[in-house]
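So the sequence shown is residues 336 to 602, counted in the numbering used here. All C-beta atoms in this analysis are idealised placements derived from N, C-alpha and C, irrespective of residue type, glycine included. Comments concern the structure below.
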Amino acid sequence: IDELPNPYFGKVRDCYDLPDDRRILISSDRISAFDRILTAIPFKGQVLTQTARFWFDNTADICPNHVLEYPDPNVVIGKRLTILPVEIVVRGYLAGSTGTSVLTLYKKGARQMYGHSFPDGLRDNEALPHAIITPTSKEFDGGHDAPLTETEIVEQGLLTQAQWDQISDIALRLFARGQEMAAKNGLILVDTKYEFGTDADGNILLADEIHTPDSSRFWLADGYQAALENGTRPPSFDKDVIRSWVDARCDPYKDNIPEIPADLIAA
Ligand code: C5P
Numbered sequence: 336i337d338e339l340p341n342p343y344f345g346k347v348r349d350c351y352d353l354p355d356d357r358r359i360l361i362s363s364d365r366i367s368a369f370d371r372i373l374t375a376i377p378f379k380g381q382v383l384t385q386t387a388r389f390w391f392d393n394t395a396d397i398c399p400n401h402v403l404e405y406p407d408p409n410v411v412i413g414k415r416l417t418i419l420p421v422e423i424v425v426r427g428y429l430a431g432s433t434g435t436s437v438l439t440l441y442k443k444g445a446r447q448m449y450g451h452s453f454p455d456g457l458r459d460n461e462a463l464p465h466a467i468i469t470p471t472s473k474e475f476d477g478g479h480d481a482p483l484t485e486t487e488i489v490e491q492g493l494l495t496q497a498q499w500d501q502i503s504d505i506a507l508r509l510f511a512r513g514q515e516m517a518a519k520n521g522l523i524l525v526d527t528k529y530e531f532g533t534d535a536d537g538n539i540l541l542a543d544e545i546h547t548p549d550s551s552r553f554w555l556a557d558g559y560q561a562a563l564e565n566g567t568r569p570p571s572f573d574k575d576v577i578r579s580w581v582d583a584r585c586d587p588y589k590d591n592i593p594e595i596p597a598d599l600i601a602a
């Protein structure tokens with residue numbers, strides 16, 4: 336497999352090209368946070384792939400996706416796409432982990448962000464009046480993602496205006512579907528990230544993964560209200576569990592978290 340063309344070794348997935356414009360995406364058991372691989376969790380790659388499969392199947396009426404087949408529990412064969420260079424983050428709550436998240440900026444006094452007005456008096460983790468998109472650049476190979484506005488996206492030629500209009504409409508509809516289905520099962524879909532690509536004919540397809548605990552925040556609905564009132568993190572099923580663990584022990588962006596030994600991160 337190491338001789339397949341166009342390899343890309345992400346923090347979590349290893350990807351290669353296959354003949355006939357296909358790509359193989361293998362989800363490892365690695366987990367990353369703060370831009371680093373931190374450890375490996377047995378069967379995480381399968382859980383990730385099968386969670387994404389559930390959501391791809393349940394959103395194909397909103398947007399076609401890259402999946403062609405699932406030959407193994409942790410493997411996707413997808414259409415080879417040109418990935419669009421913007422990460423489409425959708426948020427329904429005032430939450431976030433990074434220095435540029437809406438929560439951090441709001442606490443610093445920002446009331447206008449990404450073309451939306453935020454009312455005064457929102458508490459940490461409170462629902463926003465409606466879902467918003469907070470796009471970022473897509474930094475390959477180690478860089479951090481940087482926030483972008485719609486104007487910057489179009490002026491920098493990252494997307495055409497027509498692509499932005501189509502993608503932002505799709506992203507909000509995917510998120511609404513995700514929130515609705517999660518709510519029926521006692522979960523809150525808090526925020527998530529979508530990636531899109533274009534095929535040879537220029538059609539826009541949903542790529543990567545969808546509504547997994549790696550790319551989304553999920554809170555338990557039961558316990559959310561109490562957490563909101565106490566100012567604590569709601570019970571969560573996502574990478575915030577790991578982020579909090581790291582945060583309690585060091586400043587993740589200052590200290591140098593050691594890389595995990597190679598034998599632990601083998602797929
Ligand atoms: O950390 P932040 O609040 O900006 O993340 C917003 C949402 O986007 C979260 O659900 C997070 O899991 C997801 N995200 C991601 N990949 C990134 C950045 C954010 O999946 N590179």
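Straight across, the Cα-Cα distance linking A562 with K528 is about 24 Å.
The C-alpha of A430 lies about 19 Å from the C-alpha of D586.
In the three-state reduction of the DSSP assignment, A562 falls in the helix class, which pools H, G and I. Close CB contacts of P340 within its chain, under the 8 Å cut and outside five residues either way in sequence, are with Y351, D352 (chain order). In this structure, ligand 1 has no non-hydrogen atom nearer than 7 Å to the beta-carbon of S571. Note that the C-beta distance between G427 and L457 is not below 8 Å. D396 counts as exposed, since fewer than 16 other beta carbons sit within 10 angstroms of its beta carbon. With respect to the C-alpha of K379, the residue from I361, Y588, W390 having the closest C-alpha is I361.
Annotated as proximal: T394 and I545, with beta-carbon spacing under 8 Å. DSSP places E490 within a helical segment (H, G or I) once states are collapsed to three.
Judged by DSSP in its simplified three-state form, D459 adopts coil rather than helix or strand. DSSP places G513 inside the alpha helix (DSSP H), whose first and last residues are 496-519. With the rule of 3 Cβ pairs closer than 8 Å, the segment 405-425 does not count as touching the segment 438-445.
Rounded to the nearest angstrom, the gap between the Cα atoms of P569 and L555 is 7 Å. G380: member of the alpha helix (DSSP H) spanning 379-392, first to last residue. A distance below 8 Å separates the beta carbons of E485 and W499.
In terms of side-chain proximity, the C-beta atom of R365 is found no nearer than 7 Å to any non-hydrogen atom of ligand 1.
Taking the Cα of R552 as reference, the smallest distance to any Cα among R388, V425, G345 is reached at V425. Annotation for R578: the continuous alpha helix (DSSP H) segment containing it runs 575-582. If you check the CB distance, L540 and D549 do not come in under 8 Å. Closest option to S503, judged by alpha-carbon separation, among Q491, A466, G492, P482: A466. For the pair V421 and L493, the CB atoms are nearer than the 8 Å cut-off. Counting along the chain, the unbroken alpha helix (DSSP H) around V437 starts and ends at 437-442. In the three-state reduction of the DSSP assignment, E485 falls in the helix class, which pools H, G and I.
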